[in-house]
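Numbering (our numbering), first residue to last: 674 to 814.
C-beta: ideal position from N, C-alpha, C; glycine also.
These notes concern the structure reproduced below.
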């Protein structure tokens with residue numbers, strides 16, 4: 674890790690995970706941005722350490738396969754101490770499987786992330802993507 678990464682604001686770490694990870698499908702970003710003993714609380718990805726890292730990487734692969742043109746815009750953020758809160762807007766087209774076959778439909782949704790970031794690494798994370806909004810926009814609810 675370079676000195677810039679260690680001093681980067683926590684919101685930048687989350688932005689990179691959204692843009693370089695989930696949008697671009699780069700699973701290697703997890704090794705760069707997550708501590709080896711990361712604690713993940715997000716439903717479907719929860720775990721600790723290498724178990725969590727493997728689940729996060731699979732989540733990135735699955736989301737990118739389902740929405741390969743996915744773009745995130747961070748709309749609001751707040752940092753206090755080692756904790757950052759982020760509200761982001763996601764938009765993409767369902768071109769791959771997501772709770773069923775691809776629909777070709779565009780989706781927009783909100784994601785709330787809360788993370789503890791120490792020395793440029795996510796050590797603990799809670800993520801709440803609005804899956805109901807996605808499923809409703811895809812006509813699956």
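- Task: Go ahead and pull the three-state DSSP assignment for residue 819.
- Result: Given that the chain is displayed from residue 674 to residue 814, the structure contains no residue 819 and the question cannot be resolved.
- Query: Buried or exposed: where does residue 805 fall if 16 or more other Cβ atoms within 10 Å of its Cβ makes it buried?
  - Reply: exposed
- Task: Have a look at residue 794 and residue 771 and give me their C-alpha separation to the nearest angstrom.
- Result: 29 Å
- Close Cβ partners of residue 693 (< 7 Å) along its chain, the five nearest in sequence each way excluded: 699, 702
- Name the one or two DSSP bridge partners that residue 802 has. 784
- Item | Per-residue DSSP class, three states only, for residue 745 | strand
- Message: Are the CB atoms of residue 799 and residue 790 within a distance shorter than 9 Å?
- Response: no
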